[in-house]
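What follows is a single structure, written as structure tokens, with notes after it.
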Amino acid sequence: MSRLVYILNGPNLNLLGKRQPHIYGHETMADVERDCRALAAELKLDVVFHQSNREYEIIDWIHEARETACGIVINPAAFTHTSVAVLDALNTFDHPVIEVHISNVHKREEFRHKSFVSLRADGVIAGCGTLGYQLGLRRIAQLVALGG
Ligand code: DQA
4 MSRLVYILNG PNLNLLGKRQ PHIYGHETMA DVERDCRALA AELKLDVVFH QSNREYEIID
64 WIHEARETAC GIVINPAAFT HTSVAVLDAL NTFDHPVIEV HISNVHKREE FRHKSFVSLR
124 ADGVIAGCGT LGYQLGLRRI AQLVALGG
């Protein structure tokens, strides 16, 4: 059984730490990646970590994960609220998917309350800051152990 988890990040998250820090905090994507890799080592998981501003790259990585991964942790960023294509790609993936949002999208503008990705996600974490990624990884580890 694969122990590989894809951690995927959508548009503008490359600016994490610089972008609206009152909403998204001061940690950078590099910090998130470092913390995820440290936790993954503890959980005996391997990690592929990507960020892109391009929808097709996110979709291509989901297709890649289909062949190799036991789970996906995804912060689709703005694609959450717009992308049927990302949802369709996730619907081709047969293992656990955890959706992560750094901010509490439900406390924000109404257009952020709708998530296409939630129609597929096995779990959704929002408003826990960048810790949400680690919670997502832990949940994948648990579901994989349960045979998910
Ligand atoms: C986000 C929330 C989205 O609404 C927003 O478009 C993002 C980041 C979050 O992590 O809180 O870019 O996914």
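With my numbering, letter number 73 in the sequence shown gets 76, and the count goes up by one each step, no holes.
The C-beta atom is built at its ideal place from N, Cα and C for all residues, glycine as well.
Report the residue ranges of all beta strand (DSSP E) runs contained in full by the stretch 9-71; include only those spanning at least 3 residues, in chain order.
Counting whole runs of 3 or more residues, the stretch 9-71 contains the beta strand (DSSP E) stretches 49-54.
Under a three-way DSSP split, which group does G126 fall into?
When DSSP states are grouped into helix, strand and coil, G126 belongs to the strand group.
I'd like the span of the alpha helix (DSSP H) that includes I143, first residue to last.
Looking at the DSSP string, the run of the alpha helix (DSSP H) that includes I143 is 134-148.
Beta-carbon separation of I128 and V100 under 8 Å?
Not closer than 8 Å, so no.
What does DSSP give as the partner residues of V157 in its beta bridges?
Residue 157 cannot be examined here, being either before or after the span of the chain that is shown, 4 to 151.
Output the distance between the C-alpha atoms of A81 and A44, rounded to the nearest integer angstrom.
The straight-line gap from Cα to Cα measures roughly 30 Å.
Can you grab the Cα-Cα spacing for the pair A178 / A72, in whole Å?
This structure cannot speak to residue 178, because the chain is shown only from 4 to 151.
Shorter than 7 Å, the distance from the beta carbon of I2 to the closest heavy atom of the ligand DQA, or not?
Past the edges of the chain, shown from 4 to 151, lies residue 2, and the structure says nothing about it.
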